[in-house]
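J.: 284 is the number that full-length UniProt numbering gives to position 284 of the sequence shown; each next residue is one higher, with no gaps.
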Amino acid sequence: MRNHVGASHPNDDQIRTAELLGWLQTCIDDVISEKVNGHAITVKSIIDNTKNRDTYFSQVDKEQFENSIKELSPQFIANLTNTLFGIFVSKNYEGKSIILNNFLSLSLISWKYTTDTFRYSLGERLDVFRTQLDEYKINQSELFFEKVGGKKYYSKDLKTIQLSVKCEQLRNAHFSWDNYANETPIAREILELAPSPSDVPNMRKDLLVETFLICRIGKNVSYQRGVSPGGKLFYDRFFQNSDEDIVKRILTLLSDGNINVNGQIQNNNLLEVLNIVPEDMIGAQYMEILDNLKAFINDGKEAEKYFNTVDFKRFKDNFLV
């Protein structure tokens, strides 16, 4: 309001009656009507005391804090989380490990009660820090989102970049020495960014599906059937949440020859992927093709040959174009 018609920024605008009433209503809705109860006072006291505390919070301290915020409004919780985040990334507390640890402990609690809408808006703050080239705030922000389990709330642009990097790292790990151990932490990081297919930016879905499929189909070796045991947990978790769009991408990648499936081990691994795709998330036409492909592999035939059948070519012309 003051930036447009205030005395410090004079211009030709005038406050009309309707606008004034609207601003007054906003004040009533967002400020006056907010209950200043004992819980809110306790929260403020805890935050103030945390800045000067020289010992770590006990479990009792954390429980007291959680009890203090449970009944607060979503807007108050958003403001609280924003304050905690701001303190955690502030250079004023750089190197003060006890204070940072304590504020992170409070953040873990307030995050549980923070709305998704505000979580996404907080994720956009990281883009601002990157634009400003503020390395300290970037590192602290990434640590914050890692600890609260909030990487999925990164902005679409940042998530797109990080998924590109992580998928490349995962492929390199898969085709390198000791891939069974090295795939696992990267696959975990990818699912932190995108726990489900709906969290993956469209422009990176093909890349992620292809990368996970390559790793899950594995190599034609007998040990662990060519698949990283630790990585398999994350690959399966992703494919278990597949929807029709992901199935479409799987079939397209396989039928276009982008992914090699040779030998009994790799065909059986592909069969396992097809078996965990949720049937209730895809249409009848796709389900029929999946059933036919699974039957084809169960008969001891190679999956690649199925994509040359008349039935699949007809399906591809109608649904995969």
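Positions of the beta carbon are idealized from the N, C-alpha and C atoms, including for glycine. This one's a predicted model, so the numbers in the text were calculated from it and none came from an experiment.
Quick check: the Cα distance between threonine 252 and leucine 320, rounded to an integer number of angstroms?
T.: On the sequence shown, position 252 is the one that residue 252 refers to. On the sequence shown, position 320 is the one that residue 320 refers to. Each residue's Cα considered, the two are about 7 Å apart.
J.: Whose C-beta lies closer than 7 Å to the C-beta of glycine 6 among residues of the same chain, with five residues either side of it excluded?
T.: The residue given as residue 6 occupies position 6 in the sequence shown. Its pLDDT being 49, under 50, glycine 6 is placed unreliably by the model, and the measurement read from it follows with that caveat. Hits under 7 Å: none found.
J.: Should the region 125-134 be regarded as contacting the region 170-187, the criterion being three or more beta carbon pairs within less than 8 Å?
T.: These segments do not touch.
J.: Using the rule of at least 16 other Cβ atoms within 10 Å of the residue's Cβ for burial, across every protein chain shown, is glutamine 224 buried or exposed?
T.: Position 224 of the sequence shown holds residue 224. It is exposed - the Cβ of glutamine 224 has fewer than 16 other Cβ atoms within 10 Å.
J.: Using the Cα positions of glutamate 302 and glutamate 168, report the straight-line distance between them to the nearest angstrom.
T.: For this step, residue 302 is matched to residue 302 along the sequence shown. For this step, residue 168 is matched to residue 168 along the sequence shown. Whole-angstrom Cα-Cα distance: 28 Å.
J.: So, with DSSP's three-state summary, where would you put isoleucine 32?
T.: Residue mapping note: residue 32 aligns to position 32 of the sequence shown, counting from 1. Since pLDDT at isoleucine 32 reaches only 49, below the 50 mark, its modelled position is unreliable, and the value read off the structure follows with that caveat. Helix, per DSSP.
J.: Please classify phenylalanine 315 as buried or exposed, where buried requires at least 16 neighbouring CB atoms within 10 angstroms.
T.: Within the sequence shown, residue 315 is the residue found at index 315, counting from 1. Buried: at least 16 other Cβ atoms inside 10 Å.
J.: Give the C-beta separation of leucine 254 and isoleucine 297 to the nearest angstrom, bearing in mind that I take them to be a contact with Cβ-Cβ under 8 Å.
T.: Sequence index remark: in the sequence shown, residue 254 carries index 254 (1-based). Sequence index remark: in the sequence shown, residue 297 carries index 297 (1-based). That pair is no contact at about 12 Å.
J.: According to DSSP, is glutamine 64 part of a helix, a strand, or is it coil?
T.: Reading the sequence shown from its first residue, position 64 is the one you call residue 64. Helix at glutamine 64.
J.: Give me the residue from Ile276, Asn202, Ser222 with the minimum Cα distance to phenylalanine 234.
T.: For the purposes of this step, residue 234 is identified with residue 234 of the sequence shown, where counting begins at 1. Comparing Cα-Cα distances from phenylalanine 234 to each of Ile276, Asn202, Ser222, the minimum goes to Ile276.
J.: Can you list, in chain order, the residues of its chain with a C-beta nearer than 7 Å to that of lysine 62? Leave out the 5 residues immediately preceding and following it.
T.: Taking the first residue of the sequence shown as 1, we reach residue 62 at position 62. Answer for lysine 62: Ser105, Ile109, listed in chain order.
J.: Nearest CA to the CA of serine 90: which residue from Gln140, Ile98, Pro185?
T.: What you label residue 90 is simply residue 90 of the sequence shown in a count that begins at 1. Nearest option by C-alpha distance: Gln140.
J.: Determine the extent of the alpha helix (DSSP H) in which threonine 148 is found, giving its start and end residues.
T.: For the purposes of this step, residue 148 is taken as the residue at position 148 of the sequence shown. Before going on, a small fix: residue 148 reads as valine here, not threonine. Its alpha helix (DSSP H) spans residues 135-148.
J.: State the DSSP-derived secondary structure class of lysine 112, mapped to helix, strand or coil.
T.: Against the sequence shown, residue 112 aligns to sequence position 112. Looking at lysine 112 - three-state DSSP - the assignment turns out to be helix.
J.: Is the beta carbon of proline 278 sitting closer than 8 Å to the one on serine 242?
T.: If you number the sequence shown from 1, residue 278 lands on position 278. If you number the sequence shown from 1, residue 242 lands on position 242. Yes; because the gap between Cβ atoms is below 8 Å, this pair is in contact.
J.: In or out: alanine 173 buried (at least 16 other Cβ within 10 Å) or exposed?
T.: Sequence index remark: in the sequence shown, residue 173 carries index 173 (1-based). Classification of alanine 173: buried, given that the 10 Å Cβ count is 16 or more.
J.: From glycine 257 to lysine 294, what does the alpha carbon distance come to, in whole angstroms?
T.: If you number the sequence shown from 1, residue 257 lands on position 257. If you number the sequence shown from 1, residue 294 lands on position 294. Those two C-alpha atoms are separated by around 18 Å.
J.: Among Lys112, Leu84, Val273, Ser45, which has the Cα closest to the Cα of serine 246?
T.: Numbered from its first residue, the sequence shown carries residue 246 at position 246. The residue asked about is misnamed: residue 246 is isoleucine in this sequence, not serine. Nearest of Lys112, Leu84, Val273, Ser45 to isoleucine 246, Cα basis: Val273.
J.: Under DSSP, the alpha helix (DSSP H) around lysine 156 begins and ends at which residues?
T.: Position 156 of the sequence shown, counted from the first residue, corresponds to residue 156. Its alpha helix (DSSP H) spans residues 156-174.
J.: Name the residue from Asn82, Lys44, Phe239, Gln132 whose alpha carbon lies nearest to the alpha carbon of valine 200.
T.: Indexing the sequence shown from 1 puts residue 200 at position 200. Taking only the C-alpha atoms, the option nearest valine 200 is Phe239.
J.: Among Lys137, Thr131, Thr81, Lys96, whose alpha-carbon lies nearest the alpha-carbon of serine 121?
T.: Translated into positions along the sequence shown, residue 121 becomes position 121. The shortest C-alpha separation from serine 121 is found at Thr81.
J.: Between isoleucine 99 and lysine 51, which are expected to be in contact by the criterion C-beta below 8 Å, what is the C-beta distance as a whole number of angstroms?
T.: Here the question's residue 99 lines up with position 99 in the sequence shown. Here the question's residue 51 lines up with position 51 in the sequence shown. With a Cβ gap of about 6 Å, isoleucine 99 and lysine 51 count as contacting.
J.: Classify serine 242 as helix, strand or coil using the three-state DSSP reduction.
T.: Your numbering for residue 242 matches position 242 in the sequence shown. Coil at serine 242, not helix or strand.
J.: Within its chain, find whatever has a CB closer than 6 Å to the CB of glutamate 66; leave out the 5 residues flanking it on each side and keep chain order.
T.: Position 66 of the sequence shown, counted from the first residue, corresponds to residue 66. Taken in chain order, the residues that qualify are Ile109.
J.: Leucine 133: buried (16+ other C-beta within 10 angstroms of its C-beta) or exposed?
T.: Here residue 133 refers to the residue found at position 133 of the sequence shown. Exposed.
J.: Please determine, among Ile69, Arg53, Val60, the residue with the shortest C-alpha to C-alpha distance to isoleucine 41.
T.: Here the question's residue 41 lines up with position 41 in the sequence shown. It is Ile69.
J.: Throw me the rounded Cβ distance for the valine 148 and serine 107 pair, which I believe falls under 8 Å.
T.: In the sequence shown, counting from the first residue as 1, residue 148 sits at position 148. In the sequence shown, counting from the first residue as 1, residue 107 sits at position 107. Right, their Cβ atoms sit about 6 Å apart.
J.: Hey, could you find the ends of the alpha helix (DSSP H) alanine 303 is sitting in?
T.: As a first step, residue 303 is located in the sequence shown; it is residue number 303 there, counting from the start. Run containing alanine 303: 303-306, per the alpha helix (DSSP H) assignment.
J.: Does DSSP classify aspartate 54 as helix, strand or coil?
T.: Here residue 54 is taken as the residue at index 54 of the sequence shown, counted from 1. Of the three classes helix, strand and coil, the one that applies to aspartate 54 here is coil, per DSSP.
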